[in-house]
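Colleague: So the sequence shown is numbered by full-length UniProt numbering: it starts at 1 and just counts up by one.
No residue lacks a Cβ here, since even glycine has one placed at the ideal position from N, Cα and C.
So that we are looking at the same thing, I have put the structure below in structure tokens.
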Amino acid sequence: MVGATACDVGELRRVPEMNVIGSVISLTVADVAASAEFFADCLEFRTVVAGEGFVCLARDDAAADILLVQGDSDPTAGPAGLAGVTVSFLVTDLADEVRRLQGAGVGTTRLRREPWGEWVLRLTDPNGVRIRLAEWQPPGGF
Numbered sequence: 001m002v003g004a005t006a007c008d009v010g011e012l013r014r015v016p017e018m019n020v021i022g023s024v025i026s027l028t029v030a031d032v033a034a035s036a037e038f039f040a041d042c043l044e045f046r047t048v049v050a051g052e053g054f055v056c057l058a059r060d061d062a063a064a065d066i067l068l069v070q071g072d073s074d075p076t077a078g079p080a081g082l083a084g085v086t087v088s089f090l091v092t093d094l095a096d097e098v099r100r101l102q103g104a105g106v107g108t109t110r111l112r113r114e115p116w117g118e119w120v121l122r123l124t125d126p127n128g129v130r131i132r133l134a135e136w137q138p139p140g141g142f
């Protein structure tokens, strides 16, 4: 916790637990429309609200909502200030997603298995937003 002292953290532990009711990933991008179209066409999100310089996208499953906000990029921070940011989604049938995305001509990395049993596929939207699709399959012996 930035700026918190040990005493501050102790005080936080005495209050009731935070109740999280949803999650939104907020991304600042140069071209909101291009990212919104990519998330809709490739990742099956739908627009729930849009206005001048922003779009909020959602799905009907457990995925976090995506808020795309127009902003200038900081060239030192990577595309649209997204250096080091990867939006990850856990899916139930990654092989199907690979076929669907590649069949639609979406550029992706090769499907790869991590040593801990996770299958991973990566893709990038027109603004440089890195997206990671993963499916957990424990390695033998688990």
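In terms of alpha-carbon separation, which member of 43, 18, 109 and 36 lies closest to residue 56?
Modeller: Of the candidates 43, 18, 109 and 36, the one whose C-alpha sits nearest the C-alpha of residue 56 is 36.
Colleague: Roughly how many angstroms separate the alpha carbons of residue 27 and residue 126, rounded to a whole number?
Modeller: Each residue's Cα considered, the two are about 13 Å apart.
Colleague: Since I believe residue 133 is in contact with residue 97 (beta carbons under 8 Å), could you give me their beta-carbon distance rounded to a whole number of angstroms?
Modeller: The Cβ separation is near 6 Å, so the contact holds.
Colleague: The beta strand (DSSP E) with residue 122 in it runs from where to where?
Modeller: Residues 118 to 124.
Colleague: Below 8 Å on the Cβ atoms is my contact criterion, and I expect residue 101 with residue 135 to pass it. Report the Cβ-Cβ distance as a whole number of Å.
Modeller: That belief does not hold up - the Cβ atoms of residue 101 and residue 135 are roughly 14 Å apart, past 8 Å.
Colleague: With 16 as the cutoff for other CB atoms within 10 Å, does residue 90 come out buried or exposed?
Modeller: Per the 10 Å Cβ criterion, exposed.
Colleague: So which of 43, 39, 63 and 70 has the shortest CA-CA distance to residue 30?
Modeller: Of 43, 39, 63 and 70, the residue nearest in Cα terms is 70.
Colleague: Please classify residue 32 as buried or exposed, where buried requires at least 16 other C-beta atoms within 10 Å of its C-beta.
Modeller: The residue is buried, with at least 16 neighbouring Cβ atoms inside 10 Å.
Colleague: In three-state terms, what does DSSP make of residue 49?
Modeller: Here residue 49 sits in strand by DSSP.
Colleague: Where does residue 129 land, buried or exposed, given buried means 16+ other C-beta within 10 angstroms?
Modeller: Burial call: buried.
Colleague: Just the Cα atoms here: how many angstroms apart are residue 108 and residue 61?
Modeller: Cα-Cα distance, rounded: 23 Å.
Colleague: Under 7 Å between the Cβ atoms of residue 120 and residue 25?
Modeller: No, the Cβ-Cβ distance between residue 120 and residue 25 is not below 7 Å.
Colleague: In its own chain, which residues sit with a C-beta less than 6 Å from the C-beta of residue 142, not counting the 5 before and 5 after it?
Modeller: In this prediction, residue 142 scores a pLDDT of 49, lower than 50, which makes its location untrustworthy; no coordinate-derived value is stated.
Colleague: Using a threshold of 7 Å, state whether the C-beta atoms of residue 106 and residue 42 are closer than that.
Modeller: Going by C-beta atoms, residue 106 is nearer than 7 Å to residue 42.
Colleague: Measuring straight from C-alpha to C-alpha, what distance separates residue 118 and residue 99?
Modeller: Going by the C-alpha atoms only, they are around 18 Å apart.
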